[in-house]
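Q: My questions all concern the structure below.
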Amino acid sequence: MPYRVQDILLVASLYDAFTLQEDGRLNELILGEFLELSLHHTPGLTHVASAAEALALARSERRFNLIISTIDPGDMDAAALAREVKGAGLDVPVVVLAYDNDERKRFIARHDTSDIERIFLWQGDARILVAIVKCIEDARNVQHDTPAGVGVIVVVEDNVRYYSSFLPAIYTELIRQSERCISEGVNLSHKLVRLRARPKILLCGTFDEAWTHLTRYQGQLLGLISDIQFPRGGALAPTAGFDLARMVRGLLPDLPILLQSSRAEYAGAAAEVGAAFLLKGSDTLLAELRRFMIEHFAFGDFVFRTPDGVEVGRAHDLKSLEERLATVPVESIGYHGERNHFSRWFMARTEFALAQKLRPRKVSDFANLEELRRDLIASIAEHRREQSELLVSDFDRQTFDPSGAFLSRIGGGSLGGKARGLAFARFLLNYHRVADRFPGVRVGVPPAVVLATDVFDRFLAENDLLGLALRSEDEREIERRFLAAALPADVVQDLIAFLDAVHWPLAVRSSSLLEDSQYQPFTGVYETYMLSNDQPGLEPRVERLMEAVKRVYASTFTNRAKAYLRATSYRLEEEKMAVILQRVVGARHGPRFYPDFAGVARSWNCYPTPPLKPEDGVASVGLGLGRTVVDGERCLSFCPRHPRHIINFSTVEDVLANSQRTFWALTLEGRDGDGGTPHEARFDLETAETDGTLNALGSTYSPQSDAVFDGLGREGTRLVTFAPVLKHRVFPLAEILSDLLAIGSEGMNSPVEIEFAMRPGSTLGAPAEFGFLQMRPLVVAREAEALEVGEVHPERLLCHSPRVLGHGRITGLRDLVVVDFHRFDRAHSLAAGREIARFNARLMAEDRPYLLIGVGRWGSTDPWLGIPVTWDEISGARAIVESGFKDFRVEPSQGSHFFQNLTSFQIGFFTVNREVGEGFVDWEWIAGQPAEGELGWVRHLRFDQPMVVKMDGRRGEGVIYKPGSSPDPDDR
2 MPYRVQDILL VASLYDAFTL QEDGRLNELI LGEFLELSLH HTPGLTHVAS AAEALALARS
62 ERRFNLIIST IDPGDMDAAA LAREVKGAGL DVPVVVLAYD NDERKRFIAR HDTSDIERIF
122 LWQGDARILV AIVKCIEDAR NVQHDTPAGV GVIVVVEDNV RYYSSFLPAI YTELIRQSER
182 CISEGVNLSH KLVRLRARPK ILLCGTFDEA WTHLTRYQGQ LLGLISDIQF PRGGALAPTA
242 GFDLARMVRG LLPDLPILLQ SSRAEYAGAA AEVGAAFLLK GSDTLLAELR RFMIEHFAFG
302 DFVFRTPDGV EVGRAHDLKS LEERLATVPV ESIGYHGERN HFSRWFMART EFALAQKLRP
362 RKVSDFANLE ELRRDLIASI AEHRREQSEL LVSDFDRQTF DPSGAFLSRI GGGSLGGKAR
422 GLAFARFLLN YHRVADRFPG VRVGVPPAVV LATDVFDRFL AENDLLGLAL RSEDEREIER
482 RFLAAALPAD VVQDLIAFLD AVHWPLAVRS SSLLEDSQYQ PFTGVYETYM LSNDQPGLEP
542 RVERLMEAVK RVYASTFTNR AKAYLRATSY RLEEEKMAVI LQRVVGARHG PRFYPDFAGV
602 ARSWNCYPTP PLKPEDGVAS VGLGLGRTVV DGERCLSFCP RHPRHIINFS TVEDVLANSQ
662 RTFWALTLEG RDGDGGTPHE ARFDLETAET DGTLNALGST YSPQSDAVFD GLGREGTRLV
722 TFAPVLKHRV FPLAEILSDL LAIGSEGMNS PVEIEFAMRP GSTLGAPAEF GFLQMRPLVV
782 AREAEALEVG EVHPERLLCH SPRVLGHGRI TGLRDLVVVD FHRFDRAHSL AAGREIARFN
842 ARLMAEDRPY LLIGVGRWGS TDPWLGIPVT WDEISGARAI VESGFKDFRV EPSQGSHFFQ
902 NLTSFQIGFF TVNREVGEGF VDWEWIAGQP AEGELGWVRH LRFDQPMVVK MDGRRGEGVI
962 YKPGSSPDPD DR
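Here the sequence shown stands for residues 2 to 973, numbered as in my numbering.
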């Protein structure tokens, strides 16, 4: 019998498993294909959260024939798991799915991977599961299937990243080809024996392996896709692909051959051996690969039938199936039930829970066929209800109900990372029954509709925008073309139906394929637009919504986004954009709309102060919209487990210096901001007091007493201290955050960051609302190796700090970009930021990483707190120092998007406040060095000897040695 993957054991954290299954269900594109000519079997996917649990299950239940594991599921690494599986005598292939290319390289370097079948790299495309399963199946079935005439495509590639990228594209095209072979109207009531079997793909990593397959299956070969440089005879052969192509040409003169390389100059040589050529670095590599396969490499409705073959009804989804079951003749239901057609159709629709529930049942188990009809209808109705509560439903114009806590999708493809995080948050809230824990507070994800990535693809294709967007650096021209283009007509009709039903303010949020990923979260790279959605008439509201969607699409191709992508291992072509249309949490206050407060909480505190521990977490909150926090402005930070421990509020002077003085709100009454969309505006605390939103958050400073008093019951300066919430518990903020951070960390098997907003309950008894707006994994460096900073010698050091983020040693830095401490004026922060961006671009073009030193908080949009740079403007820095002003102590903003990018790229980050004994920067030494380049406020210094950065992440201490001053001879 041919080998079929019928039961998969997935070894991963709950979040990793959820990511692969996207939105809590198995995507049709992935698992519907499992049904291909295997109609008598029910493929299953079982998830476990540890390697030990996987081993126990594999030993006790010998049904599993494929194990897919992440590199480190927790209790043992994947290599050890593979050895244990083999040692237990289990003939089950173990495949590793890595989430980061550098992590994969380190894993291979440190472990014996000989017991692992293959290693793949997750790059945001859920179709990688199809590639993994089919790759394993094809390798084991090819010898059995080829005598029946099944075709073979040989693929030669030893680069994990590349074959993980293009194998899903190849398999997708083959699956589409199989679907084209099914004549329209044929359903699962027939076994499709007349279909030509899907060709097998044989992935090879060496010349010898490829030639063996090519000669063995030469009668069934459909084509060859090959790299050019790969091992031959045990050594890396730079031109092995050309040699292979020549030999194949001698064997099969007409066989289509495609050669791939990252070197464009090989195109001519490929033509000489009669092969097509693809450049691996091309922005359109995958599209060109699909085109080659289409040009060179030559399920459906449920149809109700009576026992004599007469069609009596047709259903295309669960809803219509439920409706047809109520009306078709009962003899038809019995006919299909006896043949397991219902469970098989559910399998094809990826509704595996429903299929597995119904498959064991037999028609003979029911008293009569009418009882069978009622049971089927009830089972489908219950399943659909569970889907609507826990999963992402397809948007339906006819049945859309705006009153529920919905999360719906328009279009196919992926929801993107941010929307997937929201779907996972909904799942966790239901799984842990959080709604029952906080009486009087509704904790949940605000309702939303997501335009999935297929809408983005169609928009680009129908308007011929992709080529311009990939090549052009003129952001205004890209935005102009995008705004002038039309969204797909059916999507416009869905948006009209959506806005006809909802009238609350909307946040139009990016949710790209790569956004909120574990290693490069793309935080703050793409745009979000706030819409008041209160203009009179439907047409202007629809126009503003479509414009906002197109602006989010255009933000995928800004120079900032392109620069961010260049700093990762991803190609811009691989990025796709989904868009979230989500209700804004808050209440109307005259011409303004905003939540009472919003913020960011992290389960890991990078800068704990005694008695706090890193695992206690940290939260940053502010009055009004969350922009205050994510943009790094003045806000309040506290520990959810110790809510009375307010960070940087220990003295009256600290409170006055650090407390929030303004807030952000969305303007209403149809007011338009820049670009024709309503905008966020800044207001003072007097406005908040008038609106009544300061009452639960405010305190008063009395100059006469030089003291801060809780509440607003006396004259004085109003301050945002959250004292009523954190000290007097008028709202269980700390308790909710502690619970959600613990639940999120457990589910993702990593520290997490969440964004939230709160609206109070009404006087009519309506509950308060805690809106769960976003959840993403945090990149936290785990100090696997000891590194001692050593004895501090001030004369050797450029910088010393007891507050450092990062761990390890950075060498080879010969360039320093520094803000002139002695001359810098906070009034010119914006100009300094532009100057830093110029130096950054120049050094990146020269491929010279550098050390960046400045004053104030990096990345804050408030120029009086620091220098407002964006990530792409300092992306070439390997280490960054922020120093306090002469009159102002600097504190890193852990809730800001800028800080999240620091941690995800693992940039060394030093905080220095010399005036309070927190380290130093040798400004005098810097001032005495000659400049390589100098602008108004920023200098560029270049040295012959390297500076050396050492960071002890366990103690949070770090030093930076002056050029050539490190005591370690290896550093010089």
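The C-beta atom is built at its ideal place from N, Cα and C for all residues, glycine as well. Just so you know, these numbers come straight off a predicted model, no measurement behind them.
Taking ARG567 as part of the alpha helix (DSSP H), name the residues at either end of that continuous run.
A: By one-based count along the sequence shown, residue 567 stands at place 566. Note, ARG567: alpha helix (DSSP H), 560-567.
Q: Going along the chain, which unbroken runs of the beta strand (DSSP E) with 3 or more residues stay wholly within the segment 676-752?
A: With a minimum length of 3 residues, the continuous beta strand (DSSP E) runs that stay inside the segment 676-752 are 681-685, 699-703, 708-711 and 718-721.
Q: Please report the Cβ distance between THR629 and TRP665, rounded to the nearest whole angstrom; I am assuming they are in contact, meaning their Cβ atoms lie under 8 Å.
A: Reading the sequence shown from its first residue, position 628 is the one you call residue 629. Reading the sequence shown from its first residue, position 664 is the one you call residue 665. Contact flag correct, Cβ pair sits at about 6 Å.
Q: Please report whether the beta-carbon of ARG584 lies at a distance below 7 Å from any beta-carbon of chain B.
A: The chain labelled as chain B is not found in the depicted structure, where only one protein chain is given.
Q: How many whole angstroms separate the CB atoms of ILE9 and LEU67, which I take to be in contact at a CB cut-off of 8 Å?
A: Within the sequence shown, numbered from 1, the residue matching residue 9 stands at position 8. Within the sequence shown, numbered from 1, the residue matching residue 67 stands at position 66. ILE9 to LEU67, Cβ: 5 Å. Contact.
Q: Beta carbon of MET531, beta carbon of GLU770: below 7 Å?
A: Start at 1 with the first residue of the sequence shown, and residue 531 comes out as number 530. Start at 1 with the first residue of the sequence shown, and residue 770 comes out as number 769. Going by C-beta atoms, MET531 is not nearer than 7 Å to GLU770.
Q: In terms of residues, what are the limits of the alpha helix (DSSP H) holding GLY216?
A: To locate residue 216, count along the sequence shown from 1; it is residue 215. Checking the sequence, you will find Thr at residue 216 rather than Gly. Note, THR216: alpha helix (DSSP H), 208-217.
Q: Hey, out of PHE499, ALA689, VAL656 and LEU741, whose CA is closest to SER703's CA?
A: Here residue 703 corresponds to residue number 702 of the sequence shown, with the count starting at 1. Answer by Cα proximity: VAL656.
Q: Ignoring anything shorter than 3 residues, give me the beta strand (DSSP E) runs that lie fully in the segment 411-497, in order along the chain.
A: Runs of the beta strand (DSSP E) inside the segment 411-497: 442-445 and 449-452.
Q: Of the choices PHE208, LEU222 and ALA211, whose alpha-carbon is the least far from that of GLY152?
A: Taking the sequence shown and counting its residues from 1, the one referred to as residue 152 is at position 151. Checked all of PHE208, LEU222 and ALA211; the closest Cα to GLY152 is LEU222.
Q: Candidates ASN841, ASP302, LEU290 and GLU332: which alpha carbon is nearest ASP309's?
A: Residue numbering aside, residue 309 sits at position 308 when the sequence shown is read from its first letter. That would be GLU332, whose Cα lies nearest to the Cα of ASP309.
Q: With a CB to CB cut of under 8 Å and the five nearest residues on each side skipped, what residues in its chain are close to ARG60?
A: Residue numbering aside, residue 60 sits at position 59 when the sequence shown is read from its first letter. Within the same chain, ARG60 has close Cβ partners ALA89 and LEU91.
Q: Could you give the C-beta distance for PHE305 and VAL313, rounded to a whole number, given that I count them as a contact under 8 Å?
A: On the sequence shown, position 304 is the one that residue 305 refers to. On the sequence shown, position 312 is the one that residue 313 refers to. That belief holds up - the Cβ atoms of PHE305 and VAL313 are roughly 5 Å apart, short of 8 Å.
Q: Looking at the unbroken beta strand (DSSP E) that takes in SER227, where does it start and where does it end?
A: On the sequence shown, residue 227 is found 226 positions in, with the first residue counted as 1. That run of the beta strand (DSSP E) goes 222-228.
Q: Assign VAL155 to one of two classes, buried (16 or more other C-beta atoms within 10 Å of its C-beta) or exposed (fewer than that).
A: Here residue 155 corresponds to residue number 154 of the sequence shown, with the count starting at 1. VAL155 comes out buried.
Q: Mark ASN841 as exposed unless 16 or more other C-beta atoms lie within 10 angstroms of its C-beta, in which case mark it buried.
A: To locate residue 841, count along the sequence shown from 1; it is residue 840. Buried, by the Cβ-count rule.
Q: Is there contact here, the segment 873-882 with the segment 845-858, by at least three beta-carbon pairs under 8 Å?
A: Yes: at least three Cβ pairs fall under 8 Å.
Q: With H, G and I counted as helix, E and B as strand and the rest as coil, what does DSSP make of GLY954?
A: Your numbering for residue 954 matches position 953 in the sequence shown. Of the three classes helix, strand and coil, the one that applies to GLY954 here is coil, per DSSP.
Q: Is the Cβ-Cβ distance between PRO768 and MET749 less than 7 Å?
A: Here residue 768 corresponds to residue number 767 of the sequence shown, with the count starting at 1. Here residue 749 corresponds to residue number 748 of the sequence shown, with the count starting at 1. Going by C-beta atoms, PRO768 is not nearer than 7 Å to MET749.
Q: Give the DSSP bridge partners of VAL913, in chain order.
A: Along the sequence shown, read from residue 1 onward, the residue named residue 913 stands at position 912. DSSP, once it has assigned bridges, lists SER884 as partnering VAL913.
Q: Where does GLN946 sit, in a helix, a strand or coil, going by DSSP?
A: Along the sequence shown, read from residue 1 onward, the residue named residue 946 stands at position 945. Of the three classes helix, strand and coil, the one that applies to GLN946 here is strand, per DSSP.
Q: Beta strand (DSSP E) containing THR334: first to last residue?
A: Reading the sequence shown from its first residue, position 333 is the one you call residue 334. Before going on, a small fix: residue 334 reads as Ile here, not Thr. Where ILE334 is concerned, there is no enclosing beta strand (DSSP E), although the alpha helix (DSSP H) it sits in stretches over 331-339.
Q: For TRP926, count neighbouring Cβ atoms within 10 angstroms of its own Cβ and tell me buried if that reaches 16, exposed if not.
A: Mapped onto the sequence shown, residue 926 falls at position 925. Exposed.
Q: Looking at the unbroken alpha helix (DSSP H) that takes in LYS135, where does it start and where does it end?
A: As a position in the sequence shown, residue 135 is number 134, starting the count at 1. Unbroken alpha helix (DSSP H) run through LYS135: 129-146.
Q: If we count the other Cβ atoms within 10 Å of its Cβ and call it buried at 16 or more, is ARG510 buried or exposed?
A: The sequence position of residue 510 within the sequence shown is 509, counting from 1. With 16 or more Cβ atoms within 10 Å of its Cβ, ARG510 is classed as buried.
Q: What is the rounded straight-line gap between the Cα of VAL274 and the Cα of ALA564?
A: To locate residue 274, count along the sequence shown from 1; it is residue 273. To locate residue 564, count along the sequence shown from 1; it is residue 563. Whole-angstrom Cα-Cα distance: 38 Å.
Q: Pull up the distance between the alpha-carbon of ILE109 and that of PHE499, whole angstroms please.
A: For this step, residue 109 is matched to residue 108 along the sequence shown. For this step, residue 499 is matched to residue 498 along the sequence shown. Going by the C-alpha atoms only, they are around 49 Å apart.
Q: With a 10 Å radius around its C-beta and 16 neighbouring C-beta atoms as the bar for buried, classify VAL805 as buried or exposed.
A: Position 804 of the sequence shown, counted from the first residue, corresponds to residue 805. Result: buried.
Q: According to the Cβ coordinates, are ARG410 and ALA453 closer than 7 Å?
A: In the sequence shown, residue 410 corresponds to position 409, counting from 1. In the sequence shown, residue 453 corresponds to position 452, counting from 1. Contact: yes.
Q: Can you confirm whether the segment 536-544 touches the segment 578-598 when touching is taken to mean that 3 or more C-beta pairs between the two stretches lie within less than 8 Å?
A: Short answer: they don't touch.
Q: With distance defined between alpha-carbon atoms, name the residue in SER802, THR871 and ARG915 nearest to GLU836.
A: Locating residue 836 in the sequence shown gives position 835, where the first residue counts as 1. The candidate whose alpha carbon is nearest that of GLU836 is THR871.
Q: What do you reckon, are the CB atoms on SER802 and LEU720 nearer than 7 Å?
A: As a working mapping, residue 802 is identified with position 801 in the sequence shown. As a working mapping, residue 720 is identified with position 719 in the sequence shown. No; because the gap between Cβ atoms is not below 7 Å, this pair is not in contact.
Q: Relative to the C-alpha of VAL96, which candidate in GLU85, GLU118, GLU847 and HIS112 has its C-alpha closest?
A: Within the sequence shown, the letter at position 95 stands for residue 96. Among GLU85, GLU118, GLU847 and HIS112, the Cα nearest to that of VAL96 is on GLU118.
Q: Find out if the Cβ-Cβ distance for the pair PHE483, LYS577 is shorter than 7 Å.
A: Taking the sequence shown and counting its residues from 1, one reaches residue 483 at position 482. Taking the sequence shown and counting its residues from 1, one reaches residue 577 at position 576. Not a contact, by the Cβ cut-off of 7 Å.
Q: Identify which residue in PHE343, GLY417 and ALA368 has its Cα closest to the Cα of PRO361.
A: Along the sequence shown, one-based indexing puts residue 361 at 360. It is PHE343.
Q: Quickly, what does DSSP pair PHE664 with across the bridge? List them, please.
A: The sequence position of residue 664 within the sequence shown is 663, counting from 1. Paired residues: PHE684.
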